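Chemist: I'd like to ask you about the structure that follows.
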Amino acid sequence: MSPNSCIKFQTNRDGAASLSYRVLDGPEKVLLAHIDKKGFLASGSVIGRSTVEVTAQEPFGANQTITIAVKVSPISYLRISMSPTLHTQNKEALAALPLGMTVTFTVHFHDNSGDIFHAHNSVLNFAANRDEFVQIGKGAANNTCVVRTVSVGLTLLSVWDTEHVGLSDFVPLPILQALSRELSRAVVVGDDLCLASVLVSLEGLPGTWSSSANSILHVDPKTGVAVARDAGSVTVYYEVAGHLRTYKEIVVSVPQRIVARHVCPVHTSFQEAAASTMVVTVGHQSSNLRGTGLGGLAGALLGVVV
6 MSPNSCIKFQ TNRDGAASLS YRVLDGPEKV LLAHIDKKGF LASGSVIGRS TVEVTAQEPF
66 GANQTITIAV KVSPISYLRI SMSPTLHTQN KEALAALPLG MTVTFTVHFH DNSGDIFHAH
126 NSVLNFAANR DEFVQIGKGA ANNTCVVRTV SVGLTLLSVW DTEHVGLSDF VPLPILQALS
186 RELSRAVVVG DDLCLASVLV SLEGLPGTWS SSANSILHVD PKTGVAVARD AGSVTVYYEV
246 AGHLRTYKEI VVSVPQRIVA RHVCPVHTSF QEAAASTMVV TVGHQSSNLR GTGLGGLAGA
306 LLGVVV
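Listed below in structure tokens is the structure:
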């Protein structure tokens, strides 16, 4: 623990046994901390090592005693971790945070030997140099902050301690689309999309797809296969339950070119001659199948969706 900080001792006998606490004298006979009858340990301005003795008096007459080493030391540096952990299909490293995701950054304090602090008196501040890319809020504890990525770009998250001058750190936060980045050109009505993402659950299972407007873009929740039904703006969501949620905004336009071509089959009987086949091409591309990852499966599924 850092000087002038406080921590509450907790045991597995809280509420079941009568607990008492006392600070044992250190080798220098200097009192480094004091503890009250409720188990709140407060350190002073002196650094060093001491020991706390905790005794549990059981209702059936037995006593249990444990001693805990206490180290009072100044903070040397801080470390930042992020949660939740992101998992990918082939365990490949992500180049950036997914757009639309909410993550929690936790600051850990260490002394000059690398030991982590369980109590400190630091007052932390969090800020980003580009506010248009992220939204920052306070976390559940003083050493946490919640960041939501709202736009593609690069920003820098800075963390500093107002009580200790020079104790700070910086983390670059690149933000990119995590869903089918190859879908860069405009989508037109009639296009079949094969949406994909490398993000999976801890068990390696894929997430669930959804659309903000199925009348514009209908998405299969399991495969990510979609068909553009009408013109307009729509948001596609990809969610790994209880883990993460990201999105991609898609604009569906009206096709500027529609070509219908009559296919003349070889007739072998009079009945077959009555049938006629038309191939319709929408837009200027040779194929209306967009995206990678599902290949021929997309056509089969979309035949049912349409």
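Every position in the sequence shown, counted from 1, becomes a number in my numbering once 5 is added.
Heads up, the beta-carbon is just placed ideally off N, CA and C, and yes, glycines get one too.
As the structure is a prediction and not an experimental result, all values here were calculated from the model.
So, is residue 65 buried or exposed, given that buried needs 16 or more other C-beta atoms within 10 angstroms?
Modeler: Exposed, because fewer than 16 other Cβ atoms sit within 10 Å of the Cβ of residue 65.
Chemist: Starting from the Cα of residue 259, find the closest Cα among 157, 243, 234, 248 and give me that residue.
Modeler: It is 234.
Chemist: Touching or not, the region 6-16 and the region 113-128, by the rule of three or more beta carbon pairs under 8 Å?
Modeler: Yes: at least three Cβ pairs fall under 8 Å.
Chemist: Let's see if you can read the secondary structure: which residues bound the beta strand (DSSP E) around residue 140?
Modeler: Segment 139-143, the beta strand (DSSP E) holding residue 140.
Chemist: Who does residue 282 pair with in a DSSP beta bridge?
Modeler: Looking at the DSSP assignment, residue 282 forms a beta bridge with 268.
Chemist: So is residue 138 buried or exposed if we call it buried at 16+ other beta carbons inside 10 Å?
Modeler: Result: buried.
Chemist: Where does the unbroken beta strand (DSSP E) through residue 174 begin, and where does it stop?
Modeler: Residue 174 -> beta strand (DSSP E) spans 173-181.
Chemist: Would the beta-carbon of residue 85 fall within 7 Å of that of residue 110?
Modeler: The answer is yes: Cβ separation under 7 Å.
Chemist: Give me the DSSP bridge partner(s) of residue 254.
Modeler: Looking at the DSSP assignment, residue 254 forms a beta bridge with 240.
Chemist: Can you tell me whether residue 92 is helix, strand or coil according to DSSP?
Modeler: In the structure shown, residue 92 sits in a strand (DSSP, three-state: E or B).
Chemist: Check whether the Cβ atoms of residue 213 and residue 153 sit closer than 7 Å, and answer yes or no.
Modeler: Against a cut-off of 7 Å, the Cβ pair of residue 153 and residue 213 comes out as no contact.
Chemist: Helix, strand or coil, according to DSSP, for residue 63 in the structure here?
Modeler: Three-state DSSP puts residue 63 in coil, outside helix and strand.
Chemist: If we count the other Cβ atoms within 10 Å of its Cβ and call it buried at 16 or more, is residue 226 buried or exposed?
Modeler: Exposed.
Chemist: Put residue 156 into one of helix, strand or coil per three-state DSSP.
Modeler: Note: residue 156 maps to coil in three-state DSSP.
Chemist: With three or more beta-carbon pairs closer than 8 Å as the criterion, would you say the region 192-212 touches the region 237-254?
Modeler: As far as the Cβ criterion goes, the region 192-212 touches the region 237-254, which means the pair count is three or higher.
Chemist: With distances taken from CA atoms, which of 68, 58, 196 is nearest residue 262?
Modeler: The option with the nearest alpha carbon to residue 262 is 196.
Chemist: Is residue 227 helix, strand or coil when you go by DSSP?
Modeler: In this structure, residue 227 counts as coil in the three-state DSSP scheme.
Chemist: Assuming residue 131 and residue 164 make a contact with CB atoms under 8 Å, what is their CB distance in whole Å?
Modeler: Confirmed, about 6 Å.
Chemist: Helix or strand or just coil, what does DSSP make of residue 217?
Modeler: Coil.
Chemist: Using 10 angstroms around the beta-carbon of residue 19, count the other beta-carbons present and answer buried if the total reaches 16, otherwise exposed.
Modeler: Its Cβ having fewer than 16 others within 10 Å, residue 19 is exposed.
Chemist: Assuming contact is defined by CB atoms lying nearer than 7 Å, are residue 161 and residue 179 in contact in what I supplied?
Modeler: No, these two residues do not count as a Cβ contact at 7 Å.
Chemist: For residue 72 versus residue 56, is the C-beta spacing smaller than 7 Å?
Modeler: Closer than 7 Å, so yes.
Chemist: Using 8 Å for Cβ pairs, my map puts residue 37 next to residue 59. What's the rounded Cβ distance?
Modeler: About 17 Å separates the two Cβ atoms, so there is no contact after all.
Chemist: Which first and last residues belong to the beta strand (DSSP E) in which residue 69 is found?
Modeler: Where residue 69 is concerned, the enclosing beta strand (DSSP E) stretches over 68-77.
Chemist: Express the C-alpha separation of residue 25 and residue 129 in angstroms, rounding to a whole number.
Modeler: Their backbone Cα atoms lie some 33 Å apart in a straight line.
Chemist: Is it buried or exposed, residue 182, if we count other Cβ atoms within 10 angstroms and call 16 or more buried?
Modeler: It counts as buried.
Chemist: Compute the Euclidean distance between the alpha carbons of residue 43 and residue 53, then round it to the nearest angstrom.
Modeler: In a straight line, the C-alpha of residue 43 is about 24 Å away from that of residue 53.
Chemist: Would you decide whether residue 220 is buried or exposed? Buried here means 16 or more other CB atoms lie within 10 Å of its CB.
Modeler: When all chains shown are included, residue 220 counts as exposed.
Chemist: Taking the alpha-carbon positions, what's the residue 89 to residue 184 distance?
Modeler: Going by the C-alpha atoms only, they are around 18 Å apart.
Chemist: Go through its chain and collect everything with a Cβ distance to residue 101's Cβ below 7 Å, but skip five positions before and after it.
Modeler: Counting only Cβ-Cβ distances below 7 Å, and skipping sequence neighbours, we find 179, 180, 181.
Chemist: Residue 250 to residue 223, Cα distance in whole Å?
Modeler: Approximately 19 Å, taken between the alpha carbons.
Chemist: Just verifying my parser: in three-state terms, what is the DSSP assignment at residue 167?
Modeler: Coil at residue 167, not helix or strand.
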